[in-house]
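**Q** Below: one structure in structure tokens.
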Amino acid sequence: MEDKVKALVEDKIKDLGLFVSSVYYSTEEGVKSLNIELDSDDVIDVNKITTATKIINPIMDDNNLCDDIDVLDIHSKEKGDM
Numbered sequence: 458m459e460d461k462v463k464a465l466v467e468d469k470i471k472d473l474g475l476f477v478s479s480v481y482y483s484t485e486e487g488v489k490s491l492n493i494e495l496d497s498d499d500v501i502d503v504n505k506i507t508t509a510t511k512i513i514n515p516i517m518d519d520n521n522l523c524d525d526i527d528v529l530d531i532h533s534k535e536k537g538d539m
């Protein structure tokens, strides 16, 4: 799944200075999520995540990649202490 998501979205978000760091499934309290973790060489603020989400959501829907999940979680990679 990670390679497929990267192939579909990375060209679309590169102008934001973002790339896909990882893609993974998780389940919490019975809720299945597909997590797309984004990274950048720069700081990723909430506006970039919001813009990326607006780009990625329709791509995922158009390619039927959200059919078996309850939540699509698009977030930035944790950088740790700076």
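If you want the working numbering, it's the 1-based position in the sequence shown plus 457.
Note that beta-carbon positions come from the ideal geometry of N, C-alpha and C, so glycine has one too.
In chain order, which continuous runs of the beta strand (DSSP E) of length 3 or greater are located wholly inside the segment 466-537?
**A** Runs found: 475-485, 488-497 and 528-533.
**Q** Please check the pair Leu491 and Cys523, which I expect to be a contact at CB under 8 Å, by giving their CB distance rounded to whole angstroms.
**A** The Cβ separation is near 7 Å, so the contact holds.
**Q** What whole-angstrom Cβ distance do Ile501 and Val466 have, given they're in contact under 8 Å?
**A** Contact doesn't hold; Cβ gap of about 15 Å is too wide.
**Q** Assuming Thr510 and Ile531 are in contact, meaning their beta carbons sit under 8 Å apart, how far apart are those beta carbons, in whole angstroms?
**A** Between Ile531 and Thr510 the Cβ distance is about 5 Å, and since that is below 8 Å, they are a contact.
**Q** Do Ser483 and Lys534 have their C-beta atoms closer together than 8 Å?
**A** Going by C-beta atoms, Ser483 is not nearer than 8 Å to Lys534.
**Q** Going along the chain, which residues of its own chain have a beta-carbon closer than 7 Å to the beta-carbon of Met517, five neighbours each way excluded?
**A** Answer for Met517: Cys523 and Leu529, listed in chain order.
**Q** With distances taken between CB atoms, is the gap from Ile493 to Val503 smaller than 8 Å?
**A** Cβ distance not < 8 Å, so Ile493 and Val503 don't count as in contact.
**Q** Roughly how many angstroms lie between the CA atoms of Lys471 and Leu495, to the nearest whole one?
**A** One C-alpha to the other measures close to 11 Å.
**Q** Take Asp498 and list the residues in its own chain whose beta-carbon comes closer than 8 Å to its own, dropping the five residues that flank it on each side.
**A** So the list reads Gly474, once near-sequence residues are dropped.
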